[in-house]
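Trainee: According to our numbering, the sequence shown holds residues 259 to 580 in order.
Think of the CB as a built atom: it goes at the ideal place given N, C-alpha and C, for glycine as much as any other residue.
For clarity, every value in this text was computed on a predicted model and none was experimentally measured.
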Amino acid sequence: MRSGHWCGMSSSSRAVLLSSLLIGWGTISAYPAGKQYCLVARGGQSGDQSQHPTSRDEHPREVRKLLLSYLQAGNLPEAIDLGRDSVRRWPHDAELRHLLGLAYFKARQDSAAIAEFQHAEALDDLNAAIPFDFALVHLDQGQYAPAAEELEKAIKLDPSNALAHLLLGRAYQNTNRTLLGIDQFKAALKLNPELPLGHYHLGFAYASLGRNPDAIAEYKKEIAHNGDNPTVLYQLGHVLLQTGDWESARLFLQKATEIDPQSAEAFYDLGKALLLARDTNAAIVAFERCAQLSPTDPSPHYQLARTLDNTQTGGMAFSQSQ
Numbered sequence: 259m260r261s262g263h264w265c266g267m268s269s270s271s272r273a274v275l276l277s278s279l280l281i282g283w284g285t286i287s288a289y290p291a292g293k294q295y296c297l298v299a300r301g302g303q304s305g306d307q308s309q310h311p312t313s314r315d316e317h318p319r320e321v322r323k324l325l326l327s328y329l330q331a332g333n334l335p336e337a338i339d340l341g342r343d344s345v346r347r348w349p350h351d352a353e354l355r356h357l358l359g360l361a362y363f364k365a366r367q368d369s370a371a372i373a374e375f376q377h378a379e380a381l382d383d384l385n386a387a388i389p390f391d392f393a394l395v396h397l398d399q400g401q402y403a404p405a406a407e408e409l410e411k412a413i414k415l416d417p418s419n420a421l422a423h424l425l426l427g428r429a430y431q432n433t434n435r436t437l438l439g440i441d442q443f444k445a446a447l448k449l450n451p452e453l454p455l456g457h458y459h460l461g462f463a464y465a466s467l468g469r470n471p472d473a474i475a476e477y478k479k480e481i482a483h484n485g486d487n488p489t490v491l492y493q494l495g496h497v498l499l500q501t502g503d504w505e506s507a508r509l510f511l512q513k514a515t516e517i518d519p520q521s522a523e524a525f526y527d528l529g530k531a532l533l534l535a536r537d538t539n540a541a542i543v544a545f546e547r548c549a550q551l552s553p554t555d556p557s558p559h560y561q562l563a564r565t566l567d568n569t570q571t572g573g574m575a576f577s578q579s580q
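1) Taking just the CA atoms, how far does R508 sit from L533?
2) Please name the residue in P389, F375, I440 whose C-alpha comes closest to that of G456.
3) Between the alpha carbons of L360 and I413, how many angstroms are there, rounded?
4) So, is Q493 buried or exposed, given that buried needs 16 or more other C-beta atoms within 10 angstroms?
5) Between the Cα of R319 and the Cα atoms of L357, L334, D339, which residue gives the shortest distance?
6) Start and end of the alpha helix (DSSP H) containing W348?
7) Where does H317 sit, in a helix, a strand or coil, going by DSSP?
8) With distances taken Cα to Cα, identify the nearest neighbour of G461 among T436, L449, N450.
9) Compute the beta-carbon to beta-carbon distance between L421 and L453, rounded to the nearest angstrom, for a pair I have assumed lies under 8 Å.
10) With DSSP run on the structure shown, which of helix, strand or coil describes D383?
11) Do the CB positions of A531 and L562 come within less than 7 Å of each other?
12) Apart from the five residues on each side of it in sequence, which residues of its chain come closer than 7 Å, Cβ to Cβ, to Q581?
13) Check P389 in the structure and name its three-state DSSP category.
14) Let me confirm a value: R346 is counted as buried when at least 16 other C-beta atoms fall within 10 Å, else exposed. Which label applies?
15) Candidates D351, H396, Q367: which alpha carbon is nearest H377's?
16) Taking the alpha carbon of L384 as the reference point, which residue from E408, S369, Q401 has its own alpha carbon closest?
17) Kindly indicate which residue of S552, Q401, A405, K444 has the alpha-carbon position closest to the one of I388.
18) Measuring CA to CA, which of D527, D503, A465 is closest to L545?
19) Could you tell me which uninterrupted alpha helix (DSSP H) segments, each at least 4 residues in length, are contained entirely in the segment 398–444, listed from first to last along the chain?
20) Using DSSP with H/G/I as helix, E/B as strand and the rest coil, what is T501?
21) Could you check how far apart the C-beta atoms of Y464 and A429 are, in whole angstroms? I think they sit under 8 Å.
22) Please report the straight-line C-alpha distance between L340 and G400, rounded to a whole angstrom.
23) What is the residue span of the alpha helix (DSSP H) that Q570 lies within?
24) Note down, in chain order, each residue of its chain lying with its Cβ closer than 8 Å to the Cβ of D368, except the 5 sequence neighbours on either side.
25) Classify S418 as buried or exposed, calling it buried when 16 or more other Cβ atoms lie within 10 Å of its own Cβ.
26) Judging by CA-CA distance, which residue of T538, N450, S466 is the nearest neighbour of H582?
27) Where R342 and G427 are concerned, what is the direct C-alpha to C-alpha distance, given to the nearest angstrom?
28) Quick one: Cα of A446 to Cα of L425, how far?
29) State the CB to CB distance for the pair A524 and P553, rounded to an integer number of angstroms; the pair is presumed to be in contact (CB under 8 Å).
30) Could you check which residue in Q442, G485, T515, D416 has the C-alpha nearest to that of L551?
31) Look up N450 in the DSSP assignment and say whether it is helix, strand or coil.
32) What whole-angstrom Cβ distance do F392 and E379 have, given they're in contact under 8 Å?
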């Protein structure tokens, strides 16, 4: 039972995990202050503007500061209104267009964001922050090839950005360029060995190539400092189950379901591990939960029926079929 994934992440959790990867935007920046804004917690709400200026200065430098303050506070209507007015007055100011693009992206107006980032790049092709942020729009839309192109530009301008290397690796992984992706994940981890989800993505790439021992080693490194991430726990349990280590798999899958009780895949693999442990009743519960969460997927229903049938006849059944 394997649904569509973005480097092992379901589409429903893609945006959440992208946000968790890019933690602290606006306070922990991938670029020096004043060059990278990265304020992309989508759908932000209006915040307290009492400490921010309320007048719109005539100098574009001051307008940029005011626009940035709106973005930091999540005041998107004001940010978009100010940004639109500003780019009409200073149409050749790349930073204003960059900030307006971020405001549109936060407000989930991706088409408008793309247009502003394109303008910003045309005006300033030396600022690595612009293609980096442009790539985020493409990643959020699942457009991995154009995301890779933008991230390649960003890395050419600033090869020291570990996060850009990691995201480029993800884009490569999702465009069937896994070996190139592995190189980028390694580059990211060399720059920052504790980069959130860095070892996870390297492990997922190894797993996709059938290099399960390498995948397990990377997943365990990730868990050492990110032990409550249910996606990491599930993927580790899944690979351990594939290698026949169902006892270890059971522990990680159990924890994954406790942290994320909506993970159908984790319950499915947990059910298989429990069958191997001859804990039939617990396996039935796990398959039932999986079937509830994924009613249109035949796999948990099949496993549940087989398990119930063999329980009634006094046998033990376990199927590896997906």
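Mentor: Well, looking at it:
1) 10 Å
2) I440
3) 20 Å
4) buried
5) L357
6) Careful: W348 lies outside any alpha helix (DSSP H) and carries neither H nor E.
7) coil
8) T436
9) 7 Å
10) coil
11) no
12) The requested residue 581 is not part of the displayed model; the chain covers only 259 to 580.
13) helix
14) exposed
15) D351
16) E408
17) A405
18) Residue identity differs from the one stated: residue 545 is Phe in this sequence, not Leu. Taking only the C-alpha atoms, the option nearest F545 is D527.
19) 402–415, 420–431
20) coil
21) Not a contact, Cβ separation roughly 18 Å.
22) 29 Å
23) 556–570
24) Y362, V395, D398, Q399
25) exposed
26) Outside the displayed range of the chain (259 to 580) lies residue 582, so it cannot be described from this structure.
27) 34 Å
28) 9 Å
29) The pair is not a contact, with the Cβ atoms about 17 Å apart (cut-off 8 Å).
30) T515
31) coil
32) 7 Å
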